[in-house]
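A quick write-up on the structure given underneath.
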Amino acid sequence: MSAQPELHITVAGTERAVAAGTTAGQALEADGRTTVAARVNGELRDLYRELADGDAVEPVEIGSEDGRAILRHSTAHILAQAVQELFPEAKLGIGPPVENGFYYDFDVTEPFTPADLKAIEKKMQEIVKQGQRFQRRDVSDEDARAELATEPYKLELIGLKGGASDAEGASVEVGAGGLTVYDNIHPRTGELCWKDLCRGPHLPTTKAVPAFKLMRTAAAYWRGKETNPQLQRIYGTAWETKDALKEYLAFLEEAEKRDHRRLGAELDLFSIPDEIGSGLAVFHPKGGVVRREMEEYSRRRHEEAGYEFVYTPHATKGKLFEKSGHLDWYADGMYPPMQLDGGIDYYLKPMNCPMHNLVFGARGRSYRELPLRMFEFGTVYRYEKSGVVHGLTRARGFTQDDAHIYCTKEQMADELDSLLTFVLDLLRDYGLNDFYLELSTKDPEKSIGSDEVWAEATETLRQAAEKQGLELVMDPGGAAFYGPKISVQARDAIGRTWQMSTIQVDFNLPERFDLEYTAADGTRQRPVMIHRALFGSIERFFAVLLEHYAGAFPAWLAPVQAVGIPIAAEHVPHLDGVARRLRAEGIRVEVDAGDDRMQKKIRNAQKQKVPFMLLAGDDDVSKGAVSFRYRDGSQNNGVPIDEAVREIVEAVRERK
RNA sequence: GCCGGUGUAGCUCAAUUGGCAGAGCAAUCGCCUUGUAAGCGAUAGGUUAGGGGUUCAAGUCCCCUCACCGGCUCCA
-19 MSAQPELHIT VAGTERAVAA GTTAGQALEA DGRTTVAARV NGELRDLYRE
31 LADGDAVEPV EIGSEDGRAI LRHSTAHILA QAVQELFPEA KLGIGPPVEN
81 GFYYDFDVTE PFTPADLKAI EKKMQEIVKQ GQRFQRRDVS DEDARAELAT
131 EPYKLELIGL KGGASDAEGA SVEVGAGGLT VYDNIHPRTG ELCWKDLCRG
181 PHLPTTKAVP AFKLMRTAAA YWRGKETNPQ LQRIYGTAWE TKDALKEYLA
231 FLEEAEKRDH RRLGAELDLF SIPDEIGSGL AVFHPKGGVV RREMEEYSRR
281 RHEEAGYEFV YTPHATKGKL FEKSGHLDWY ADGMYPPMQL DGGIDYYLKP
331 MNCPMHNLVF GARGRSYREL PLRMFEFGTV YRYEKSGVVH GLTRARGFTQ
381 DDAHIYCTKE QMADELDSLL TFVLDLLRDY GLNDFYLELS TKDPEKSIGS
431 DEVWAEATET LRQAAEKQGL ELVMDPGGAA FYGPKISVQA RDAIGRTWQM
481 STIQVDFNLP ERFDLEYTAA DGTRQRPVMI HRALFGSIER FFAVLLEHYA
531 GAFPAWLAPV QAVGIPIAAE HVPHLDGVAR RLRAEGIRVE VDAGDDRMQK
581 KIRNAQKQKV PFMLLAGDDD VSKGAVSFRY RDGSQNNGVP IDEAVREIVE
631 AVRERK
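Structural data, given as structure tokens:
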């Protein structure tokens, strides 16, 4: 022992001396099941890799973010191994971990069937049970090419090494630096079972996969490009415990129950009739109530915030979109033109901004009018590709709560600042509370406007964002060519994120439309233009709220706010009286006078997610009272009518 | 647009090997008069997404179209 040179290392913050040849796993006393990898000097490594003098080692637990990624990546390897054992002709694509799971892409002649998936899953279980070791091995480029001669896609990745940034998963296979291969070694025979080009790290053995499940198959373009061949992708999920997997599956079930398309039908809110067409929704009376309440509250808040309201048509001559440039770069997203008036092309509008610009330019503008905030619930039509249309969240016709703010360059900072506050406040009023912001910056490849203007606008957006004290995620190069953008992402009640509001600075359109105002010194100046939509689209926001609340809208939005349920028919007049009083206060109330059992009426109201059920029988009638039943099943009996009315009116007024 | 899957009553789902399209809920009409999530009975509801083909016979097998679902790409 003493003859061996010592290494001075730091283990989880504590300095220690260990013998040379000590592995990360030994230093951490890792069991290989809960501690599955190490972070050495900030870099993730396999447990059995030896430490060097001065290394700092931290444990990576399987349930941590890093640990899960490693677990999922390793499970993806097991998937690929199983597939190649069952389908030896399958060529490997890439197999990275993703949110909640992993996938692996394969080039196979026949797509996988559900039965294949079952067989693959079974094979994977065998591999897990065997406890094959993941063993890392450095290889030269030539050796890698020779070893992977039968894997054309892997060869392509080797060629990309270093510069591979276009495909999200490619960096998992080949990182910067030398290439590595991971061999799967049988624990008893020492036999090489399988191998894959991979950067690692991995779990110590396949046995360290506690729980996984294959989810579905799908086609995916090689390296994400539409022009590349399509591979067959298998999605799976893997978790640190069986319970965590169960929880995740329960989450998926819950998400399915909240699906706005399902709730839309169940609650009679909207439909998307075949007769009208894909992506074109109709709102039924109950959905109409919710939508109208959403719009009215938004309109009121915009009025208070100094917006002016405009209305513009749904169709226009093509010339307008030539001027805006949309026909150059957005024509694919537009419905094809109809020819009218002897050959003039008319288009349905995909965006409102050009029309708002015409309003701005309709007369001379003074600096005194700025910032000029022009708002419209503007309905637009976009020709979405057939495979992407999805309920109300991806429609072909939808209404934006769209506004364009024209201001001076000096006003821009204040305007963006107050705008962001306004946006977040309003979203909170609708019941969303958990946000993060995303800042999309210039793509040097395609952008107009000088670097200085971009830098200034981007910096202004960043400052406005930082002031909110919210998490800020950068999206480098993600901006449109005409200006930087901030988007507000909201997390819903079950933790899913949705892109909501966008705030976009535009250097392009004011030029194209030659927008001007007269400054105090009499000179003509170009205004800055800010596009912004809070809901994004009303339909999408409607869908997000529907899913967020699982259909149980707060009272102010609920289509029916209260329903009267008589114990017997003779109690109906009493409830009719209560309903009259509520209606006088603007409450949407119904009395269920049908000849169903009272229990059945409660069940119906419960399924319709009515916030307040007002029951009345002999006791209540004699006391001039009603009995509350709330959506959560709790009750409050014998409440005097005055008090009951007050409670409901207050809940609605306070938007609870 | 691409790949795969699925289309049976308003909704959820049955229908043996290719052999008479059926049930629950909802709806309508009765009966029952009820204290916190389904009372009882009856009636009605279908060119099995649409079109073509194979067959003595097609919901079922084959082809085309459409829609929807899950992905990819794209996106509010």
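Residue 529 in my numbering sits at position 549 of the first sequence, with consecutive numbering throughout.
Built from N, CA and C at the ideal position, the CB exists for glycine as well.
Remember, it's a predicted structure, so these values are computed and weren't measured experimentally.
Taking ARG29 as the reference, which of ALA4, VAL40, ARG19 has the closest Cα?
-> ALA4
Take the Cβ of ASP294 as the centre, count every other Cβ of all protein chains shown within 10 Å, and call the residue buried at 16 or more, exposed below.
-> At residue 294 the sequence reads His, which differs from the Asp that was named. It counts as exposed.
Report back the beta-carbon spacing between ALA624 and VAL601 to the nearest angstrom; my notes put them in contact at under 8 Å.
-> Incorrect: roughly 14 Å between the Cβ atoms, too far for contact.
Quick one: measure Cβ to Cβ for MET454 and VAL468, integer angstroms, because I've assumed they're closer than 8 Å.
-> That belief does not hold up - the Cβ atoms of MET454 and VAL468 are roughly 15 Å apart, past 8 Å.
Complete beta strand (DSSP E) runs within the stretch 506 to 579 (minimum length 3 residues, chain order) = 508 to 513, 542 to 546, 569 to 571
Start-end ranges of the beta strand (DSSP E) lying completely within the stretch 81 to 120, minimum 3 residues | 81 to 87, 113 to 119
Are the Cβ atoms of ALA56 and GLY180 separated by less than 9 Å?
-> no
In angstroms, rounded to a whole number, what distance separates the CA positions of VAL78 and ILE214?
-> 12 Å
Straight-line gap, ALA383 to ARG272 (C-alpha atoms, nearest Å) = 19 Å
Buried versus exposed call for ALA548 [16 or more other C-beta atoms within 10 Å across all chains shown] = exposed
Tell me the start and end of each unbroken alpha helix (DSSP H) in the stretch 288 to 327 that is at least 4 residues and wholly inside, in chain order.
-> 298 to 304, 306 to 309
What span of residues does the alpha helix (DSSP H) with SER54 cover, start to end?
-> 45 to 66
Excluding sequence positions up to five away, which residues of its chain have a Cβ less than 7 Å from the Cβ of VAL632?
-> ALA535, TRP536, GLN541, ILE567
Cβ-based neighbour list, TRP659, same chain, cut-off 6 Å, excluding 5 preceding and 5 following | Look at the range of the chain in this structure, -19 to 636, and you will see that residue 659 is not part of it.
Taking DSSP as the reference, what is the three-state secondary structure of LEU691?
-> The question about residue 691 has no answer here: the residues shown for the chain are numbered -19 through 636.
So the alpha helix (DSSP H) SER278 belongs to, where does it begin and stop?
-> 265 to 284
Spatial distance of LYS193 from ALA513 (CA atoms) | 40 Å
Does DSSP classify GLY377 as helix, strand or coil?
-> strand
Alpha carbon to alpha carbon, what distance is there between PRO507 and GLU302?
-> 21 Å
Closest by CA to ASP254, which one among LYS581, GLY371, ILE466, ILE324?
-> GLY371
Kindly list the residues whose CB is nearer than 8 Å to the CB of ARG561, restricted to its own chain and excluding five residues on each side of it in sequence; keep chain order.
-> ILE621, VAL625
Using DSSP bridges, identify the partner residues of PHE13.
-> It should be noted that the sequence gives Arg, not Phe, for residue 13. BP columns for ARG13 are empty, so no partner.
Mark PRO184 as exposed unless 16 or more other C-beta atoms lie within 10 angstroms of its C-beta, in which case mark it buried.
-> buried
Extent of the continuous beta strand (DSSP E) run through ILE628 | Run containing ILE628: none in the beta strand (DSSP E); it sits in the alpha helix (DSSP H), 621 to 633.
Indicate the three-state DSSP secondary structure (helix, strand or coil) for TYR361 in the structure shown.
-> strand
Among the residues of its own chain, which have a CB less than 6 Å from the CB of SER145, if the five just before and after it don't count?
-> Legend: pLDDT at SER145 = 42, less than 50; position of this residue unreliable, value from coordinates given subsequently. Taken in chain order, the list of residues that qualify is empty.
May I have the straight-line CA-CA distance separating TYR84 from VAL629, to the nearest angstrom?
-> 55 Å
Host alpha helix (DSSP H) of CYS173 (start-end) = Counting along the chain, CYS173 falls outside any alpha helix (DSSP H), though it belongs to the beta strand (DSSP E) covering 172 to 177.
Range covered by the alpha helix (DSSP H) that runs through ILE138 = 132 to 140
Proximity below 9 Å, CB of LEU338 to CB of ARG345 = no
Thinking C-alpha only, which one of LEU320, ASP308, SER304 is nearest CYS333?
-> SER304
Work out the CA separation of VAL189 and VAL(-9) for me, nearest whole Å.
-> 25 Å
Where does LEU441 land, buried or exposed, given buried means 16+ other C-beta within 10 angstroms?
-> buried
Within the chosen definition, does the stretch 113 to 130 reach the stretch 194 to 211 through at least 3 CB pairs nearer than 8 Å?
-> no
Start-to-end residues for the beta strand (DSSP E) that takes in SER607 | 605 to 610
Please determine, among SER258, GLY449, ARG196, TYR277, the residue with the shortest C-alpha to C-alpha distance to VAL368.
-> SER258
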